[in-house]
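A quick write-up on the structure given underneath.
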Amino acid sequence: MTPNHKDNIDRYSDRYSKICQENTKIDAGLYDIYGVKRGLRDKSGEGVLAGLTNISLIKSHEEMDGKRIPCEGKLLYRGYNIVDLVNGFVNKKRYGFEESAYLLLFGSLPTEEQLAEFKGILVQCRNLPKNFVRDVIMKAPSKDIMNSLTKSVLTLASYDDRIEDGSLNNVLRQCLMLISIFPMLSVYGYHAYNHYECDDSFYIHRPDEKLSTAENILRMLRPDKTYTELEARVLDIALVLHMEHGGGNNSTFTTRVVSSSGSDTYSVIAAALSSLKGPKHGGANIKVVEMIKDIKLHVQDITNESAVRHYLTKILNKEVFDRRGLIYGMGHAVYSISDPRAQIFKGFVEKLAEDRGRRNDFELYSMVERMAPEVIAEERKIYKGVSANVDFYSGFVYSMLDIPLELYTPLFAMARIVGWSAHRLEELINADKIIRPAYESPLSDKDYMEIDER
């Protein structure tokens, strides 16, 4: 496209976008008049009940004397407290990704024999079609690895001669394959971008069948394939904590909506990826890292609590940083007092920060975590408590693991593909109706006008 053509299109776009906005804008007051819960949530953050799930449970309040009382956040995977699950494999020095994936997909904790068999199945599934890296991943590389990942998933559909088979065993086969190869698709997509767009060296490391998912991610990412045990274990915990979070989060609900239409597995997962890449969902941890970097740049003494508090207030008032008025990593659609995932993560983050010589950064994160809810409460009318969510610390962890920014959201996807798969299977097993909520229209009738009368 020539510069002149682009300028002309931009000029038309500006004009037509204004027309579109003028004729599409809905009076905000009408949402209250019609009783619409915007975002399918009420002002307290409670979501509209859209279905039932046995995969996970999120608890943020308790019923007491007919009243909803906020409580410490709780997250259960198939009935098991996430705290107990993490402590279980950490205390025995096991990697937890595969064990947690088995639990979410099949509903029970695996025995040693079942876990060994499941790991073997994942290894068998961890193969890409011949020349796929060359013909798909290396062609038209993109800085947006989520787009690259989505392209790869959709292209894989053309290699599957049973794509339209919606039977449970075939869908499970497809899901296990995607769970197995997501790390390869993501990391190889980054290497292609880093080589062709950033002019860096290009290398492709095959995963090692004897290693865990977390270990293989670091092995494939790093030029020398090396990593420490602490690094791999912290990444493994990050994957487990991001693996599942109820049926109502945006990407999982997308999974269920598209599954309910009868679409194929590749299209369903591509839709979920498109949802996750949004900065309001999976991209939040990138914004946290950028925000902390901005604070360090503009606050002369980051140990001065008064100065940091003042800058957080300016962020909230849209005076600095990205001027959107958000302290990223704070608040959650469901949790109010605490996000259990953030609480679990924090202890391991501190260990990694000590190991990587970034104690000062950890202290700044801790200070922001403590002060941000106070600043928000002072400056905003809030309907429920505000606390740090899992994204607040995950970006910090990834930076300490020397993971490039472009892979932050794909790492989320490498974990959440397990939850998406479990919800797709549950939707297919239990539901037989396409999901179709209602939209009210405040339109009034208009008389048609002939074109020469307009």
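With the first letter of the sequence shown counted as 1, position 336 gets the number 351 in this note's numbering; the numbers rise by one all the way through. Where a beta carbon is used, it is the ideal one built from N, C-alpha and C, also for glycine.
In whole angstroms, give me the CA-to-CA distance for residue i and residue j.
i, j, result
"Leu64", "Ala453", "14 Å"
"Pro425", "Leu143", "18 Å"
"Ser276", "Ala446", "11 Å"
"Lys302", "Met464", "49 Å"
"Val383", "Phe133", "41 Å"
"Pro484", "Leu458", "Since the first and last residues shown for the chain are 16 and 469, residue 484 lies out of range."
"Ile359", "Met429", "20 Å"
"Pro198", "Met415", "19 Å"
"Asp337", "Ser266", "25 Å"
"Asp354", "Arg395", "21 Å"
"Met258", "Val433", "6 Å"
"Arg30", "Gly262", "40 Å"
"Ala299", "Met345", "10 Å"
"Tyr242", "Arg431", "23 Å"
"Ile352", "Ile24", "48 Å"
"Arg26", "Glu244", "55 Å"
"Asp460", "Arg324", "53 Å"
"Lys240", "Leu169", "29 Å"
"Asn81", "Lys333", "Asn is not the amino acid found at residue 81; the sequence shown has Gly there. Looking at the two C-alpha atoms, the distance is approximately 39 Å."
"Tyr350", "Leu120", "25 Å"
"Lys58", "Glu393", "18 Å"
"Asp370", "Val390", "31 Å"
"Thr328", "Ala357", "23 Å"
"Glu320", "Lys154", "49 Å"
"Ser195", "Ile136", "9 Å"
"Ser227", "Gly44", "53 Å"
"Val101", "Ile34", "53 Å"
"Glu87", "Val401", "12 Å"
"Gln36", "Arg469", "20 Å"
"Ala368", "Thr126", "34 Å"
"Asp251", "Arg374", "22 Å"
"Glu378", "Ile330", "19 Å"
"Ser201", "Ser32", "35 Å"
"Ile73", "Leu90", "5 Å"
So residue i packs on residue j, CB below 8 Å; how close in whole Å?
i, j, result
"Tyr343", "Val335", "At roughly 13 Å, the Cβ-Cβ gap does not stay under 8 Å, so Tyr343 and Val335 are not in contact."
"Phe427", "Gly297", "4 Å"
"Arg254", "Phe112", "The question names Arg, yet the displayed sequence has Leu at residue 254. The Cβ separation is near 5 Å, so the contact holds."
"Thr68", "Glu441", "6 Å"
"Asn185", "Arg177", "5 Å"
"Ile307", "Tyr380", "7 Å"
"Leu256", "Val405", "6 Å"
"Pro85", "Ser71", "Actually they do not touch by this definition, with Cβ atoms about 20 Å apart."
Which of helix, strand or coil does DSSP assign to residue i?
i, result
"Arg338", "coil"
"Asn300", "helix"
"Ser201", "helix"
"Ile444", "helix"
"Pro85", "strand"
"Asn184", "helix"
"Tyr326", "helix"
"Arg431", "helix"
"His347", "coil"
"His206", "helix"
"Glu77", "strand"
"Arg374", "helix"
"Asn142", "coil"
"Asn319", "coil"
"Ser2", "In the structure as shown, the chain begins at 16 and stops at 469. Residue 2 is therefore absent and cannot be evaluated."
"Gly62", "strand"
"Asn23", "helix"
"Arg30", "helix"
"Tyr49", "coil"
"Tyr454", "coil"
"Ala392", "helix"
"Ala357", "helix"
"Arg439", "helix"
"Asn69", "coil"
"Arg385", "helix"
"Asn38", "helix"
"Leu90", "strand"
"Ala368", "helix"
"Ala403", "strand"
Specify whether the stretch 432-446 and the stretch 114-121 touch according to this definition: at least 3 beta carbon pairs, one from each stretch, less than 8 Å apart.
yes
Would you call the stretch 201-219 and the stretch 148-159 in contact, with 3 or more CB pairs under 8 Å?
yes
Inspect the CB distances between the stretch 182-199 and the stretch 279-294 and report whether three or more fall short of 8 Å.
yes
Do three or more CB pairs link the stretch 91-100 to the stretch 398-412 at distances below 8 Å?
no
State whether the stretch 204-211 contacts the stretch 156-167, with contact taken as three or more CB pairs (one from each stretch) at a distance under 8 Å.
yes
Please give the ranges of any alpha helix (DSSP H) in the stretch 209-297, keeping only runs that are unbroken, at least 4 residues long and fully inside the region.
228-236, 244-256, 265-275, 280-291
Can we say the stretch 229-247 touches the stretch 37-52, given the rule of at least three CB pairs closer than 8 Å?
no
Length-filtered (4 minimum) alpha helix (DSSP H) runs lying within the stretch 98-162
112-121, 127-140
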